[in-house]
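Numbered per our numbering, the sequence shown finishes at 861, counting up by one with no gaps.
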Amino acid sequence: MNSRSTYRRRLFAAATAFLAITAMAVAPAGAAPSTTPTVVLVHGAFADSSSWAKVSEELSAQGIPVRTFDNPLRSVSGDAASLTAFLATIDGPIVLVGHSYGGSVISNVHDPDVTANVFVSAFAPAEGEILQLLLNPIMYPGSLLLPPAVLVTPVQDPTSPIGIGIDGFIPEVFFHQVFAQDVSPAVAADMYTHQKTAALQANLEPSGPPSWTRTPSWYLVSTQDRVIPPALQRMMAGRAAPGRTVEVASSHASPVSRPDSVVAVVREAIAATS
Numbered sequence: 588m589n590s591r592s593t594y595r596r597r598l599f600a601a602a603t604a605f606l607a608i609t610a611m612a613v614a615p616a617g618a619a620p621s622t623t624p625t626v627v628l629v630h631g632a633f634a635d636s637s638s639w640a641k642v643s644e645e646l647s648a649q650g651i652p653v654r655t656f657d658n659p660l661r662s663v664s665g666d667a668a669s670l671t672a673f674l675a676t677i678d679g680p681i682v683l684v685g686h687s688y689g690g691s692v693i694s695n696v697h698d699p700d701v702t703a704n705v706f707v708s709a710f711a712p713a714e715g716e717i718l719q720l721l722l723n724p725i726m727y728p729g730s731l732l733l734p735p736a737v738l739v740t741p742v743q744d745p746t747s748p749i750g751i752g753i754d755g756f757i758p759e760v761f762f763h764q765v766f767a768q769d770v771s772p773a774v775a776a777d778m779y780t781h782q783k784t785a786a787l788q789a790n791l792e793p794s795g796p797p798s799w800t801r802t803p804s805w806y807l808v809s810t811q812d813r814v815i816p817p818a819l820q821r822m823m824a825g826r827a828a829p830g831r832t833v834e835v836a837s838s839h840a841s842p843v844s845r846p847d848s849v850v851a852v853v854r855e856a857i858a859a860t861s
């Protein structure tokens, strides 16, 4: 091959590469595929991340990246700070899903990468509201989360000035009927072994400015809930997720008993914000 032929081939290759780069540079922004958000699942009190197992499996099977957050259950502000630090390790957009007390935690997270909130049988407090006062038995009757179905115990707590805190827990004899009456006794027994106690402080701390005032939010109401009364859930959903509320006939433990309904709402949030 002579030098002129080689020169022509090199010139052609360079021109082809230049045109390809130029085409990519001027391609319309809409031509790029959308990034699937990572779904971060935040459990609440009297549970741990294993309560999300079925939801996580279904989302993963559908090609949606999932992470679970090990909620400390110490205080709303402290747990929100821990979650914010956890989110910093994730690249790209995020959909936050909070169950029960986990809803108060995601309400206090203000991460610009969060594109949607999903509340599942969850607290969605407004600024200054206290969870224990939201469970007002006169305005919103129906919660069975009262002594002796919930008791307190001293625990080691590194966030406490004295290293000791007071936590609440549900005794085994009440766990099935109060927390998850629509699962089998065997499943309820397994859930009980995974129960994490929650600091009383977490229910007595005023909530900060809620993220749901600026972040699109969805809410799944559990109509058979014996922890957070359905009427209270509907009130919070009306503020945080107007027009984006779905109801399911389930206990408080809908991520375990009705993972299909949880996944459907999460997918709706992803589709609407991606």
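Every residue, glycine too, gets a C-beta built ideally from N, C-alpha and C. None of these values were measured; they are calculated from a predicted model.
Worksheet item: Pairing CB atoms from the region 759-769 with CB atoms from the region 656-666, are three or more of them under 8 Å?
Response: no
Worksheet item: Since residue 754 is in the beta strand (DSSP E), which residue starts that stretch and which ends it?
Response: Looking up residue 754 in the sequence shown gives position 167. Its beta strand (DSSP E) spans residues 751-756.
Fill in: N-terminal and C-terminal residue of the alpha helix (DSSP H) that residue 587 is part of
Residue 587 cannot be examined here, being either before or after the span of the chain that is shown, 588 to 861.
Worksheet item: residue 688 and residue 710: beta carbons closer than 8 Å?
Response: What you label residue 688 is simply residue 101 of the sequence shown in a count that begins at 1. What you label residue 710 is simply residue 123 of the sequence shown in a count that begins at 1. Closer than 8 Å, so yes.
Worksheet entry | Complete beta strand (DSSP E) runs within the region 626-697 (minimum length 3 residues, chain order) | Here the runs fully enclosed are 653-656, 681-686.
Worksheet item: Near residue 813, which residues of its chain fall below 8 Å by C-beta distance, leaving aside the five closest residues on each side in sequence?
Response: Translated into the one-based positions of the sequence shown, residue 813 becomes position 226. Around residue 813: 729, 730, 731, 732, 764, 765, 766, 768, 838, 839.
Fill in: Under the three-state DSSP convention, the category residue 859 falls into
By 1-based counting over the sequence shown, the position of residue 859 is 272. Note: residue 859 maps to helix in three-state DSSP.
Worksheet item: Alpha carbon to alpha carbon, what distance is there between residue 842 and residue 771?
Response: Taking the sequence shown and counting its residues from 1, one reaches residue 771 at position 184. Taking the sequence shown and counting its residues from 1, one reaches residue 842 at position 255. Taking the straight line from one Cα to the other gives about 14 Å.
Worksheet item: CB residue 799 to CB residue 704, shorter than 8 Å?
Response: Taking the first residue of the sequence shown as position 1, residue 799 is located at position 212. Taking the first residue of the sequence shown as position 1, residue 704 is located at position 117. Closer than 8 Å, so yes.
Discussion item. So for residue 842, helix, strand or coil by DSSP?
Written reply: Reading the sequence shown from its first residue, position 255 is the one you call residue 842. The answer is helix: DSSP assigns residue 842 an H, G or I state.
Practice prompt. Can you give me the start and stop residues for the alpha helix (DSSP H) that residue 834 sits inside?
Written response: The residue you call residue 834 lines up with position 247 of the sequence shown. First-last for residue 834: 832-835, but that is the beta strand (DSSP E), not the alpha helix (DSSP H).
Item to complete: Pull up the DSSP beta-bridge partners for residue 784, would you.
Response: Counting from one through the sequence shown, the residue named residue 784 turns up at place 197. Among the bridge pairs identified by DSSP, residue 784 is matched with none.
Practice prompt. Check whether the region 772-788 touches the region 739-751, taking contact to mean three or more Cβ pairs, one atom from each stretch, closer than 8 Å.
Written response: yes
Worksheet item: Applying the criterion that 16 or more other CB atoms from any shown protein chain within 10 Å of the CB defines a buried residue, is residue 801 buried or exposed?
Response: The count along the sequence shown starts at 1 and reaches residue 801 at position 214. Classification of residue 801: exposed, given that the 10 Å Cβ count is below 16.
Item to complete: Inspect the beta-carbon positions of residue 828 and residue 805 and report whether they are closer than 8 Å.
Response: Locating residue 828 in the sequence shown gives position 241, where the first residue counts as 1. Locating residue 805 in the sequence shown gives position 218, where the first residue counts as 1. Result yes, Cβ atoms of residue 828 and residue 805 sit closer than 8 Å.
Discussion item. Would the region 622-634 count as touching the region 668-682 if we require 3 or more Cβ pairs under 8 Å?
Written reply: The answer is yes - the region 668-682 touches the region 622-634, with three or more Cβ pairs under 8 Å.
Worksheet entry | As assigned by DSSP and simplified to three states, the class of residue 849 | Against the sequence shown, residue 849 aligns to sequence position 262. Residue 849: helix per DSSP, three-state reduction.
Item to complete: Label residue 693 either buried or exposed according to how many other C-beta atoms from any shown protein chain fall within 10 Å of its C-beta, with 16 as the threshold for buried.
Response: On the sequence shown, residue 693 is found 106 positions in, with the first residue counted as 1. Burial call: buried.
Worksheet item: Which term fits residue 857, buried or exposed, when burial requires 16 or more other beta carbons within 10 angstroms of its beta carbon?
Response: Residue numbering aside, residue 857 sits at position 270 when the sequence shown is read from its first letter. Label assigned to residue 857: buried.
Discussion item. Under DSSP, the alpha helix (DSSP H) around residue 586 begins and ends at which residues?
Written reply: Here the chain has residues from 588 to 861 only, and residue 586 is not among them.
Fill in: Neighbour-count burial assignment, residue 647, 16 or more Cβ in a 10 Å radius
Along the sequence shown, read from residue 1 onward, the residue named residue 647 stands at position 60. Burial state of residue 647 is exposed, judged by a 10 Å Cβ sphere holding fewer than 16 other Cβ atoms.
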